[in-house]
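Here the structure is laid out as structure tokens; the discussion comes afterwards.
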Amino acid sequence: MVATFVSGVAKEGSSVHVTNVTKDFAAKDRTNQRTLALDGVSLSVAAGEFVSIIGPSACGKSTLLRLIAGLDFPSSGELRVGSEVISGANAERGLVFQDPNLFPWLTVRRNIRSGLVALRVVREKNHEVDEFIRLVGLEGFADVYPHHLSGGMAQRVALARALITHPKVLLLDEPLGALDAFTRMQMQDEVLRLWQARLTTMLLVTHDIDEAIYMSDRILIMTPRPGRIDRVISLDMERPRDRSHPDFLRLRSEILQLLDFGRR
Amino acid sequence: MLFTQREVKEIADANERAQATSTIARPPESQNRDERPVEKVRWLTLLAVPFAAVIALGLHAFAAGNEPPAEALLYTYFLSGLLVVALIAVVVQSVWAGLRKWMRDSYPLIAAAVFCLVGWELVTSVLHWLPLPYFPGPAGVLLSLVNDSAVLFDSTWHSLLLLLGGYTLGVAVGLVSGICIGWFPHARYWGMPILKIIGPIPATAWIPLAMVLSPSAMFSAIGLIALAVWFPVTMLTASGVSNTRASYLDVARTLGAGRAYLIFNVAIPAAMPSIFIGLFMGLGASFLTLVVAETVGVKSGLGWYVSWAQGWAEYGKVYAALLIMAAFFSTIMTALFKVRDHVLAWQKGVIKW
Ligand SMILES: Nc1ncnc2c1ncn2[C@@H]1O[C@H](COP(=O)(O)OP(=O)(O)OP(=O)(O)O)[C@@H](O)[C@H]1O
Ligand SMILES: [Mg+2]
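Line order of the protein sequences matches chains B and F.
Residues 6 to 269, numbered by my numbering, are exactly what the first sequence covers, in order.
Residues 483 to 835, numbered by my numbering, are exactly what the second sequence covers, in order.
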């Protein structure tokens, strides 16, 4: 793992390059209908960058993340992490979904540890489990089964589980979508804190424009299906960002207009 | 400004603490509702068993004249013993909370069982509604149980060996084949038709073939029990494994899981509830097959004892063996429930038990 140190911060991230990727799905029934989910998508994310993707429903955002995760393969085009072509899922690219998808048969501690077990490094890295439990503030709940957790707590466990293998890229598919507004804002800060500590490359899919503006270095806006990258918006506001700052609000209405919601 | 930065943070922290200790996320200790202290047991409950025993003794005193003296005496001892133990328990429970809880839960049931004995003695020894020798009274069955206890114990032991041998073999093979069929598409393609054709045939239908093929009745019985267990275990393991939620597998893959991890640490735990249904169905099938196999092939065990006793028209022994069988099978069933409760502890609170 390449870990460079920039002013004392472990920079664990690595760049992501998506070149001209198309993905179409065969219909499940025997009709020859095919769904073109992604149509010539190209994007580059720098190492340690925080990029958000927003776009209308069914424009292929989840499909794109699955391709980058290596859970699925493109119909054409190429995906690379650093200089390596993506050929399947591995621990270099973590994925967190809207549903935390914790393993219900494992306690919080064992859920967080499962990545280490899968990589067979439990013995060497077991001490990190407690660090991560502390990092996401679940000290009292280490030996609890997931169904005792609230939605926000479960999502924190999912984050810790995805981070313990030190992925170079963390893919977040609407991870905070199911949370109430208050917990959601808390978790946004938490994700930012985790990101700033590690500079893991972050790719966040969200429906929440405020969230995208609050968190990202760049926002990619996708078109309705077949998905294409329509616009790229770079943000250079200082963090922590003020949600009521005029710049913030101006960007917000700009994006709303781009997404066609601004008109009367 | 209404609050300073610091105050806002303090409020937020307090909120978070309150949330963390609120109802959604209670620590696990407070989950168990059975742990509450056992309050006093009602007198009606406490006296149910002694009362039933007294009634039983009264009826028996009336019926004893119709019964052989040995039977009548033994049954009197039995009921008196029951009465004494029940009365002692009533006294002891006032100082022993564990016993109190047990009594509250089981005394009504035990009393009902004693009343069943009363009803049984009434229709057999007192009213003679049921023809002898097919329907002996409880006293006769108890005497058979005691007199033949050595043979009964030996038969139970043989049944246990046969059952455990066949069940273990069937479960082992069933788990392996179920996991293969559930996970590997090739195994599914070739295995499913075999499963669908051979599985539904009752294992006992193979008895003629098993007798021809196998060198000893013992082996063929174990094989038949294993076959009976194999089908439901395979079926439910396969369906559990193949229905593993795809998102669990996806998560595991992005954590760096290889095939072994996906099978053993994701698919199998996810399939456990389904696997246990297969284990229970298999256990039921194994009881049936055991008794039939013992009756027609193996010359030992409880199934054999029943048909042997019936051959001599000793129906007291038949019922004695049936009682033992009931206790034997339900003990094994309970043991499997215990195993399930332990393995599936994570489901507590998710589903109703
Ligand atoms: N496995 C699949 N088989 C067939 N079609 C699929 C599959 N996965 C996705 N699709 C189709 O691809 C399109 C894009 O789906 P995707 O889930 O990527 O959308 P999305 O942008 O994530 O939407 P949302 O914002 O609602 O989550 C949809 O039309 C969907 O029906
Ligand atoms: Mg999606």
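Just so you know, even glycine gets a beta-carbon here, dropped at the ideal spot from N, CA and C.
- Query: In angstroms, rounded to a whole number, what distance separates the CA positions of Ser729(F) and Ala739(F)?
  - Reply: For this step, residue 729(F) is matched to residue 247 along the second sequence. For this step, residue 739(F) is matched to residue 257 along the second sequence. Taking the straight line from one Cα to the other gives about 13 Å.
- Would you check if the segment 188-196 of chain B and the segment 106-121 of chain B touch, i.e. whether three or more CB-CB distances between them fall below 8 Å? no
- Short check: CB of Val210(B) to CB of Leu84(B), under 8 Å? Here residue 210(B) is taken as the residue at index 205 of the first sequence, counted from 1. Here residue 84(B) is taken as the residue at index 79 of the first sequence, counted from 1. The answer is no: Cβ separation not under 8 Å.
- Message: I'd like to know if Leu263(B) contacts chain F, where contact means its C-beta is closer than 8 Å to some C-beta of that chain.
- Response: Within the first sequence, residue 263(B) is the residue found at index 258, counting from 1. It does not: the Cβ of Leu263(B) has no partner Cβ on chain F nearer than 8 Å.
- Can you tell me which of the three DSSP states Leu176(B) falls into? Walking along the first sequence from the start, residue 176(B) turns up at place 171. Leu176(B) falls in the strand class under three-state DSSP.
- Could you tell me if the beta carbon of Thr27(B) falls within a distance shorter than 7 Å of some heavy atom in ligand 1? Residue numbering aside, residue 27(B) sits at position 22 when the first sequence is read from its first letter. No, Cβ of Thr27(B) sits at least 7 Å from all heavy atoms of ligand 1.
- Message: Taking contact to mean 3 or more Cβ pairs, one atom from each stretch, closer than 8 Å, check whether the segment 36-53 of chain B and the segment 241-254 of chain B are in contact.
- Response: Judged by Cβ distances under 8 Å, the segment 36-53 of chain B makes no contact with the segment 241-254 of chain B, as fewer than three pairs qualify.
- Residues proximal to ligand 2 by C-beta, any heavy atom closer than 7 Å: Lys66(B), Ser67(B), Asp178(B), Glu179(B) and Val210(B)
- Hey, quick one: how far does the alpha helix (DSSP H) through Asn131(B) stretch, first residue to last? Here residue 131(B) refers to the residue found at position 126 when the first sequence is read from its first residue. Looking at the DSSP string, the run of the alpha helix (DSSP H) that includes Asn131(B) is Val127 to Leu140.
- Message: Would you say the beta carbon of Phe102(B) is closer than 7 Å to some non-hydrogen atom of ligand 1?
- Response: Position 97 of the first sequence, counted from the start, is the residue given in the question as residue 102(B). No - ligand 1 has no heavy atom lying nearer than 7 Å to the Cβ of Phe102(B).
- Task: Check whether the Cβ of Thr228(B) lies closer than 7 Å to any heavy atom of ligand 1, and answer yes or no.
- Result: Taking the first sequence and counting its residues from 1, one reaches residue 228(B) at position 223. Checking the Cβ of Thr228(B) against ligand 1 gives no.
- Closer than 8 Å, CB to CB, is Asp104(B) near chain F or not? Against the first sequence, residue 104(B) aligns to sequence position 99. True, the Cβ-Cβ gap to chain F drops below 8 Å.
- Return the CA-CA distance between Ile570(F) and Leu539(F), expressed in angstroms with no decimal places. Along the second sequence, one-based indexing puts residue 570(F) at 88. Along the second sequence, one-based indexing puts residue 539(F) at 57. Using only the alpha carbons, I get a separation of about 17 Å.
- Of the residues Leu565(F), Leu744(F), Val711(F) and Trp578(F), the one placed nearest Leu770(F), counting alpha carbons only: Against the second sequence, residue 770(F) aligns to sequence position 288. Selected option, being the one with the closest Cα: Val711(F).
- Message: Tell me the rounded alpha-carbon separation between Ala775(F) and Arg586(F).
- Response: Along the second sequence, one-based indexing puts residue 775(F) at 293. Along the second sequence, one-based indexing puts residue 586(F) at 104. Roughly 41 Å between the two C-alpha positions.
- Query: Between Val623(F), Ile745(F) and Leu625(F), which lies nearest to Ile663(F) when the distance is taken from Cα to Cα?
  - Reply: Working through the second sequence from its first residue, we reach residue 663(F) at position 181. Checking every option, the nearest Cα to that of Ile663(F) belongs to Ile745(F).
- Task: Output, in chain order, the set of chain B residues within a Cβ distance shorter than 7 Å of Trp828(F).
- Result: Reading the second sequence from its first residue, position 346 is the one you call residue 828(F). Within chain B, the residues near Trp828(F) are Pro109, Trp110 and Tyr150.
- Item | Reduced DSSP category for Gly648(F) - H, G, I as helix; E, B as strand; rest coil | Walking along the second sequence from the start, residue 648(F) turns up at place 166. In the structure shown, Gly648(F) sits in a helix (DSSP, three-state: H, G or I).
- Item | chain B contact for Arg735(F) (CB, 8 Å cutoff) | Taking the first residue of the second sequence as 1, we reach residue 735(F) at position 253. With 8 Å as the cut-off, Arg735(F) counts as an interface residue toward chain B.
- Beta-carbon separation of Asp732(F) and Leu107(B) under 8 Å? Counting from one through the second sequence, the residue named residue 732(F) turns up at place 250. Counting from one through the first sequence, the residue named residue 107(B) turns up at place 102. No, these two residues do not count as a Cβ contact at 8 Å.
- Residues bridged to Met227(B) (per DSSP): Within the first sequence, residue 227(B) is the residue found at index 222, counting from 1. Answer by DSSP bridge pairing, in chain order: Ile234(B).
- Three-state secondary structure (DSSP) at Met242(B)? Working through the first sequence from its first residue, we reach residue 242(B) at position 237. Residue state, collapsed to three classes: coil.
- Which of helix, strand or coil does DSSP assign to Thr726(F)? Counted from its first residue, the second sequence places residue 726(F) at position 244. Note: Thr726(F) maps to coil in three-state DSSP.
- Message: Assuming the contact rule is C-beta atoms closer than 8 Å, Arg98(B) and Pro172(B) should be a hit. Round their C-beta distance to whole Å, please.
- Response: Here residue 98(B) is taken as the residue at index 93 of the first sequence, counted from 1. Here residue 172(B) is taken as the residue at index 167 of the first sequence, counted from 1. Contact holds; Cβ gap of about 6 Å.
- Item | Limits of the unbroken beta strand (DSSP E) element including Thr85(B) | Mapped onto the first sequence, residue 85(B) falls at position 80. Reading the sequence as shown, one finds Arg at residue 85(B) and not Thr. Ser81 to Val86 is the span of the beta strand (DSSP E), which, as asked, contains Arg85(B).
- Item | Contacts of Asp732(F) in chain B (Cβ-Cβ under 9 Å) | On the second sequence, residue 732(F) is found 250 positions in, with the first residue counted as 1. Near Asp732(F) (Cβ distances below 9 Å), the residues of chain B are Arg71, Ala74, Leu76, Ala94, Leu100, Phe102 and Asn106.
- Task: Taking Gly547(F) as part of the beta strand (DSSP E), name the residues at either end of that continuous run.
- Result: Here residue 547(F) corresponds to residue number 65 of the second sequence, with the count starting at 1. Neither: Gly547(F) is in no beta strand (DSSP E) and is coded neither H nor E.
- Task: Determine, using beta carbons only, whether Gln160(B) and Pro105(B) come nearer to each other than 8 Å.
- Result: By 1-based counting over the first sequence, the position of residue 160(B) is 155. By 1-based counting over the first sequence, the position of residue 105(B) is 100. Result yes, Cβ atoms of Gln160(B) and Pro105(B) sit closer than 8 Å.
- Query: Of all Cβ atoms in chain F, is any one closer than 8 Å to the Cβ of Gly18(B)?
  - Reply: Within the first sequence, the letter at position 13 stands for residue 18(B). Closer than 8 Å: no.
- Spatial distance of Leu646(F) from Ser696(F) (CA atoms): Position 164 of the second sequence, counted from the first residue, corresponds to residue 646(F). Position 214 of the second sequence, counted from the first residue, corresponds to residue 696(F). If you take the alpha carbons of Leu646(F) and Ser696(F), they lie about 19 Å apart.
- Task: With 8 Å as the threshold, decide whether the Cβ of Tyr743(F) is near any Cβ in chain B.
- Result: The residue given as residue 743(F) occupies position 261 in the second sequence. Answer yes: the Cβ-Cβ gap between Tyr743(F) and chain B drops below 8 Å somewhere.
- Message: DSSP three-state label for Lys16(B), please.
- Response: Numbered from 1 along the first sequence, position 11 holds the residue referred to as residue 16(B). It is a strand residue.
- As assigned by DSSP and simplified to three states, the class of Val711(F): Position 229 of the second sequence, counted from the start, is the residue given in the question as residue 711(F). Three-state result, Val711(F): helix.
- Query: Does the distance from the C-beta atom of Ile73(B) to that of Ala217(B) stay below 8 Å?
  - Reply: Here the question's residue 73(B) lines up with position 68 in the first sequence. Here the question's residue 217(B) lines up with position 212 in the first sequence. No, these two residues do not count as a Cβ contact at 8 Å.
- Cβ of Gly65(B) within 8 Å of any chain F Cβ: Within the first sequence, numbered from 1, the residue matching residue 65(B) stands at position 60. Proximity of Gly65(B) to chain F, defined by a Cβ-Cβ separation below 8 Å, is not satisfied.
- Message: Are there any heavy atoms of ligand 1 lying less than 7 Å away from the beta-carbon of Ser62(B), as far as the coordinates show?
- Response: Mapped onto the first sequence, residue 62(B) falls at position 57. Within the cutoff, so yes.
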